[in-house]
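Those letters in the sequence shown? Residues 5 to 469, per the working numbering, in order.
Below you'll find the structure, written out as structure tokens, and then a few comments.
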Amino acid sequence: MASEGQPDKTRPPIRINVAFGLVITHALLMRLILDEYVPAPTLRFTYFMVGLALFNIVIKVVGFMPVAFAPHTPKVGKGDGLQGDKMLSVIFPAYNEGDGIAQIVESALDSTDSPNVEFIVVDDRSKDETWAELQRVKEARKDPRFVPVAGKERGKVYWKGKNWAVAQGADVAKGDYLLFADSDVTLYPGALDDFVASMTKANVGWVSFLPKTTFSCFAEYMFNWPGTCIAQGLIPAKVNNGKVYAFGQCNLFKRETYDELGGHREIGHLVAESHALAALAVEKRIPFRCQCAFKQASMYWYNDFWECWKGQLKSVRGRMGKKLPVVNRPIPRPIVATVMSFFMSVQLIPWFIFLMGSAKLLMLQASSYFGLGSDSGDGFGTLDQVVLAAASVCVGCSFLNRLIGKIFLGYDIHYWYLAPITSTVLVACMAVRACRPDNAGRWNDDGMPEGYVQPKDARVDKKTK
């Protein structure tokens, strides 16, 4: 039996009753499909496949074409962004980033030679060699613009995620502009000038930038992370047209705008801090913009399968936790898992039919060629041809979706065929896993321990520089 405050390791990692129920349901669904397709497709099933093909065209092709018009951060000349005596503070929060933080800092320092820039890296009490790596870079570069900061204890303040490290960085920053970048974001030469020039042109106090994702492991293709990144390319235009959203990887603020929002202390108790700041900006009528910064910065997401799993599970949990507007409570998780699982199954059906239809056609052709005859009933009739064509369209739409991402966003099309197969199964499994309560509170905003206070209610020390 687990002690108080510790997870009960005797419990299964998933909700077994939900998983068992979904397995039975999907077995019945597969039986139904076989009855509708074998030995020859029914008219009803043919209509279903044609409808599915049209659905795929609309969702995967037509729906993604707007990425061709996604707002991108333009390149400007050296010195066209940061001008006069204005200063920019670049703030990186870091926790257990010993393997890669040195490279990130080196790239940041090399991105500009302006003396009006400082690079602050806040080590959030890492348990690895992060602080040692920061000291090594400081000694090797001897660049006064580089300011490593040893993070303090959180005390009885209920900080979530990177918010405490980011807030400490803002406290010591001297800049008129504050650029918050995750510790896996690589800045390219000229990026800072581009960012400031873009903000000046937009005449706003906050711009949320989306760096280009660099895929680093096969698992990212298994989870269809490239497809997700292409979908992210649709978001900036929606944000600029009123959608309440902001990316968390790279955000540039004017100091006065950041202070007006209350900074990260105002929303420090929330997991999705960038979304919370966006909602706060809308509430306070503070304009902001969003852009793709693919020529200015890049980032890594995951290094292996389990990092992918945890990151995607966090996203699934977030969607499951959204409350309905009328009843003010989330939909029961088993219902959400069932709906998500069925939606994923619909993605697998075209591939199943495509393989079965192609095999049937090849067998008939082979039988005819070798004169072996066939006992396949009516052979490959009109309905067979329509169903196979519809399944082929669905499969082709998965390829076209990735091709759109390559043409307009520069993402590769490697392993495009994995998107509707492996990611379908994995997302369905995550939906079942997410039905288990998150008692640790890692992926939600609930569960503040007794005696703790939210960051916005805590005493704020005077800024030290």
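Cβ coordinates follow ideal geometry from the N, Cα and C atoms, glycine included.
Note that the structure is predicted; figures quoted are calculated from it, not measured.
Which runs of the alpha helix (DSSP H) fall wholly inside the region 342 to 367 and span at least 4 residues, in chain order? none
Determine the closest residue to F150 out of Y99, E133, D114, with distance taken between C-alpha atoms. Along the sequence shown, one-based indexing puts residue 150 at 146. Comparing Cα-Cα distances from F150 to each of Y99, E133, D114, the minimum goes to D114.
Looking only at its own chain, which residues have a Cβ that is under 7 angstroms from the Cβ of G237, when we skip the five neighbours before and after it? Taking the sequence shown and counting its residues from 1, one reaches residue 237 at position 233. Only V71, A74, C296, L413 meet the Cβ criterion.
Residue nearest to W400 in terms of C-alpha spacing, selected from V65, A223, R35, D117: Position 396 of the sequence shown, counted from the first residue, corresponds to residue 400. The sequence shown places Gly at residue 400, not Trp. G400 has its Cα closest to that of V65, out of V65, A223, R35, D117.
From the DSSP output, which residues share a beta bridge with K82? Mapped onto the sequence shown, residue 82 falls at position 78. In the DSSP output, where bridge partners are listed per residue, K82 has none listed.
Any idea what DSSP makes of Q253, helix, strand or coil? Taking the first residue of the sequence shown as 1, we reach residue 253 at position 249. Three-state result, Q253: coil.
Helix, strand or coil for Q295? Go by DSSP, reduced to three states. Position 291 of the sequence shown, counting from 1, holds the residue named residue 295. Q295: strand per DSSP, three-state reduction.
Limits of the unbroken beta strand (DSSP E) element including Y181: The residue you call residue 181 lines up with position 177 of the sequence shown. Looking at the DSSP string, the run of the beta strand (DSSP E) that includes Y181 is 181 to 185.
Give me the Cβ distance between Y192 and R259, rounded to the nearest whole Å; I'm assuming they're in contact under 8 angstroms. Position 188 of the sequence shown, counting from 1, holds the residue named residue 192. Position 255 of the sequence shown, counting from 1, holds the residue named residue 259. In fact, because the Cβ distance is near 24 angstroms, the residues do not count as touching under 8 angstroms.
DSSP three-state label for M34, please. Within the sequence shown, residue 34 is the residue found at index 30, counting from 1. Note: M34 maps to helix in three-state DSSP.
For chain B, check one thing: does any of its Cβ atoms lie closer than 8 angstroms to the Cβ of F309? The chain labelled as chain B is not found in the depicted structure, where only one protein chain is given.
How far does the beta strand (DSSP E) with T216 in it reach, from first residue to last? The residue labelled residue 216 in the question sits at position 212 within the sequence shown. It should be pointed out that residue 216 corresponds to Lys in this sequence rather than to Thr. Taken as a continuous stretch (DSSP letters only), the beta strand (DSSP E) holding K216 covers 210 to 217.
Tell me whether the region 128 to 143 and the region 48 to 64 touch, counting them as touching only if at least three CB pairs, one residue from each stretch, are closer than 8 angstroms. no
Nearest-angstrom Cα separation, counted from S302 out to F257: Walking along the sequence shown from the start, residue 257 turns up at place 253. Walking along the sequence shown from the start, residue 302 turns up at place 298. Looking at the two C-alpha atoms, the distance is approximately 19 angstroms.
Rounded to whole angstroms, what's the CA-CA distance from L422 to K318? Just pull it up for me. Locating residue 422 in the sequence shown gives position 418, where the first residue counts as 1. Locating residue 318 in the sequence shown gives position 314, where the first residue counts as 1. Cα to Cα, L422 sits roughly 22 angstroms from K318.
Would you tell me roughly how many angstroms separate the C-alpha atoms of E277 and H268, rounded to the nearest one? Along the sequence shown, one-based indexing puts residue 277 at 273. Along the sequence shown, one-based indexing puts residue 268 at 264. E277 and H268: Cα-Cα distance of roughly 8 angstroms.
Give the DSSP-derived three-state secondary structure of M452 in the structure shown. What you label residue 452 is simply residue 448 of the sequence shown in a count that begins at 1. Note: M452 maps to coil in three-state DSSP.
Starting from F52, trace the alpha helix (DSSP H) in both directions and tell me its first and last residue. Position 48 of the sequence shown, counting from 1, holds the residue named residue 52. Run containing F52: 47 to 60, per the alpha helix (DSSP H) assignment.
If you draw a straight line from the C-alpha of M203 to the C-alpha of E270, how long is it? Position 199 of the sequence shown, counted from the first residue, corresponds to residue 203. Position 266 of the sequence shown, counted from the first residue, corresponds to residue 270. About 23 angstroms.
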